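A.B. asks: Okay, here's the structure, questions in a sec.
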Amino acid sequence: MHKTLCYGIAALALAVGMGGASALTLDEVKSAGYVQGATANEVPYGYMKEDGTAAGIGPDVAIAVFKRMGINEVNWTVTPFGTLIPGLKARRFAFAAAEQNISPERCKQVTFTEPNSSYGEGLLVKKGNPKKLTTYADIAKDPSLKVAVVSGANNIDFLRAVGVKDNQIIIIQANADALSTVQTRADAYAATELTVSKLAEGGKDVEQVKPFTDPVVNGKPVRNYGGFAFRPEDKDLYDAFNKALVEFRKTDDYKKILTSYGLSEESIKAAAAKNVADLCAGK
Amino acid sequence: MTWIQYLAPLLKGAQITIVISLASIALGGIIAFVAGIARISSNPILSGIAFTYIALFRGTPLLVQLFWFYYALPLIGISFDPITTGIMTLSLLTGAFGAEVVRGALLAVPPAQHEAARALNFSKSYTLWHISMPQAIIEMMPAFGNLAIQNLKDTALVSLISIADLTFQAQSLRNITLDSATVYTLTLLGYFIIALFLMFIMRFIEMKLRRGAAFPRDAHS
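Here you go:
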């Protein structure tokens, strides 16, 4: 019996060592007539409406860009934020449209398009802000405070960078958990500006910290630049999409999508001013 | 949005949950018999394979199995769509637990009956299918009923591999409405109603089996 077990493990090890599949090209997508996209459940960056269609900054822009490329159908999958990159690598979908921040770590795993949006940070607290928080660094000052973040989101890096300890951090699975968490287990919820403002609109007993000072990391206030993620091997599809996206960013239709989800004129300008190569290099 | 408006997406999710649950219970049942019988076979290779399979699937968490089949296996070029992955993983898990139920019930048949069968020169397979199994299968039913309901509840995990089941729809609704209390209450009710149906189906099968020709009604009362 032990021998059988050994053979089984050996076969498994052999299987894991084998190679992957080939790249997805623009022609393949065009002849299929549709493309498979993914988003995370995060209002307003990307989410599934109750009728099952995708909406949000990422999906809306992606649909418009693919239309310009002659691909009229995007099949959407909603997956937890932390599984966007694993799902992309496992070829579950062709791209991720969740306005993921273009960071050097993520650039090692996937290829990002030019930025599609930019956004600052935010904090959600109990009504009246009883702990008088104004920025992430305030949480580091008092070790008894707890702060919640969504699994896989980069807010945790900013929290750590300003000195918040790991035992102060509560990991939650989705933004929808933030409301009950802030009212019970945590003193604050750290997320992007827009996410926090959407949650504050919906919850009666919570509010967004205002005025909020963006955390300062490496001597400058942090700002996120969200882009679309593709697999590095699907270069052909990526190039075509990226080119169409840069063109689309110059149009009024593009601005209309972003402003309709609450993004400011400055944030739209800031996104266009940065390029993906610098962001991946950590500049 | 009121709770009435939550029902349409939740019912859509419930359909997927029912499909995945019934498919994996049926498939898991078949696997349970194959693996359970192989496990008590006198052939060491057959029983070794069954032992390894049961040990692997009973000894690892379903969530990790799902992630492994969904996110890790495609990296080596083997990929199934989400529904297939979900049904396959759940069947394999339920089959592993079911195999032990099958094995236990078959071993519970008194050895004197095997001796009698051998004395009458019945073949091994005739003894299994006509002597042991008809008695053992009824003993398996309460445990299978448990497994079926456990399987239904385990289907909630497939929402994490992007299948739009009942739990997935509940999460999406919460994300839009931020109304956790109502959404989760309705979701619990949904699972409970499906579970009641499953209990009913399993009872029905058990009753049918008890009334088989080989069984006088008072034999197991």
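Protein chains in written order, with the working numbering: chain A, -12 to 270; chain B, 2 to 222.
Glycine included, C-beta positions come from ideal geometry on N, C-alpha and C.
As the structure is a computational prediction, the values presented were derived from the model and not from experiment.
1. Taking all protein chains shown into account, decide if Glu60/A is buried (16 or more other Cβ within 10 angstroms of its Cβ) or exposed.
2. May I ask you to report which of helix, strand or coil DSSP gives Ile41/B?
3. Can you list, in chain order, the residues of the stretch 171 to 186 of chain B whose Cβ is nearer than 7 Å to any Cβ on chain A?
4. Run down chain E in chain order and give the residues with a C-beta less than 8 Å from the C-beta of Leu166/A.
5. For Lys261/A, report the span of its beta strand (DSSP E) as first-last.
6. In chain order, what residues of the same chain lie with their CB nearer than 8 Å to the CB of Val118/B, ignoring the 5 residues before and after it?
7. I want to verify the contact list: residues of chain B whose CB lies under 9 Å from the CB of Pro31/A, in sequence order.
8. Ala135/A and Thr168/A - do their beta-carbons sit closer together than 8 Å?
9. Just list the alpha helix (DSSP H) runs in the stretch 88 to 173 of chain B, keeping only unbroken ones of 4 residues or longer that don't cross its boundaries, in chain order.
10. Looking at chain A, which residues of the stretch 124 to 142 of chain B have a Cβ within less than 9 Å of any of its Cβ atoms?
11. Can you give me the Cβ contacts of Arg175/B inside the same chain, cut-off strictly under 6 Å, excluding the 5 residues immediately before and after it?
12. Give the single residue among Ile195/B, Gly105/B and Leu8/B whose Cα lies nearest to the Cα of Ile19/B.
13. List the residues of chain A that Ser80/B touches, going by C-beta distances under 9 Å, in chain order.
14. With a Cβ-Cβ cutoff of 8 Å, do Tyr227/A and Met35/A count as a contact?
15. Please list, in chain order, the chain A residues whose beta carbon lies closer than 7 Å to that of Pro10/B.
16. Starting from Ile159/A, trace the alpha helix (DSSP H) both ways and give me its first and last residue.
17. From the beta carbon of Pro112/B, is the nearest beta carbon of chain A less than 8 Å away?
18. To which residues does DSSP link Gly24/A through a beta bridge?
19. If you measure from the beta carbon of Val20/B to each beta carbon in chain A, is any gap under 8 Å?
20. At what residue ranges does the stretch 122 to 157 of chain A contain a whole run of the alpha helix (DSSP H), taking only runs of 4 or more?
21. Looking at chain B, is there any beta carbon in it that lies within less than 8 Å of the beta carbon of Gly69/A?
22. What separation, rounded to the nearest whole angstrom, lies between the Cα atoms of Ala334/A and Leu75/A?
23. Using the beta-carbon count (16 or more within 10 Å), is Thr100/A buried or exposed?
24. Would Asn28/A pass as a contact of Gln16/B if the rule is Cβ separation under 8 Å?
25. Quick one, which of Val149/A, Ile143/A and Pro117/A has its alpha-carbon nearest Lys128/A's?
26. Between the C-alpha atoms of Tyr72/B and Gln136/B, what's the straight-line distance to the nearest angstrom?
27. Can you say whether Gly269/A is buried or exposed, counting buried as having 16 or more other CB atoms within 10 angstroms of its CB?
28. In this structure, does DSSP put Leu211/A in helix, strand or coil?
29. Of the residues Ser184/A, Lys197/A and Ser105/A, which one's Cα is nearest the Cα of Lys256/A?
30. Could you pull out every residue in the same chain whose Cβ sits closer than 7 Å to the Cβ of Gly96/B, ignoring the five residues on either side in sequence?
31. Quick check on Tyr176/A - is its C-beta less than 8 Å from some C-beta in chain B?
32. Suppose you measure from the CA of Asp155/B to the CA of Ser48/B; what does that come to, to the nearest Å?
33. In its own chain, which residues sit with a C-beta less than 6 Å from the C-beta of Asn211/A, not counting the 5 before and 5 after it?
34. So, helix, strand or coil for Tyr276/A, using DSSP?
C.D. replies: Well, looking at it:
1. exposed
2. coil
3. Gln172, Ser173, Leu174, Arg175, Asn176, Ile177, Leu179 and Ser181
4. Annotation note: the requested chain E is absent from the structure, which comprises protein chains A and B.
5. Here Lys261/A belongs to no beta strand (DSSP E), and DSSP marks it neither H nor E.
6. Correcting the residue identity first, residue 118/B is Ala in this sequence and not Val. Here the set comprises Tyr127, Thr128 and Ile132.
7. Chain B residues near Pro31/A: none, gap ~11 Å exceeds 9 Å.
8. yes
9. 112 to 120 and 134 to 155
10. Identification of residues in the stretch 124 to 142 of chain B having a C-beta nearer than 9 Å to some C-beta of chain A yields an empty set.
11. Ser181 and Val184
12. Ile195/B
13. Ala8, Ala77, Arg78 and Arg79
14. Checking the sequence shown, residue 227/A turns out to be Ala, not Tyr. No, the Cβ-Cβ distance between Ala227/A and Met35/A is not below 8 Å.
15. Glu37
16. First-last for Ile159/A: Ile156 to Ile159, but that is the beta strand (DSSP E), not the alpha helix (DSSP H).
17. By this cut-off, Pro112/B is not an interface position.
18. Trp63/A and Phe82/A
19. no
20. 123 to 128 and 142 to 148
21. no
22. Since the displayed chain A opens at -12 and closes at 270, residue 334/A lies outside it and no answer follows.
23. If you draw a 10 Å sphere on the C-beta of Thr100/A, you find 16 or more other C-beta atoms in it, and that means buried.
24. no
25. Val149/A
26. 43 Å
27. The residue in question, Gly269/A, is exposed, as its Cβ has fewer than 16 Cβ neighbours within 10 Å.
28. Here residue 211/A turns out to be Asn, not Leu, going by the sequence shown. Assignment of Asn211/A by DSSP, reduced to helix, strand and coil, places it in the strand class.
29. Ser105/A
30. For Gly96/B, where only same-chain residues beyond five positions count, the Cβ hits under 7 Å are Gly29, Ile32, Ala33 and Ala36.
31. Chain B has no Cβ within less than 8 Å of the Cβ of Tyr176/A.
32. 27 Å
33. By the criterion of a C-beta distance shorter than 6 Å, Asn211/A is surrounded in its chain by Asn88 and Tyr106, once the five residues flanking it on both sides are discounted.
34. With chain A covering only -12 through 270, there is no way to say anything about residue 276/A.
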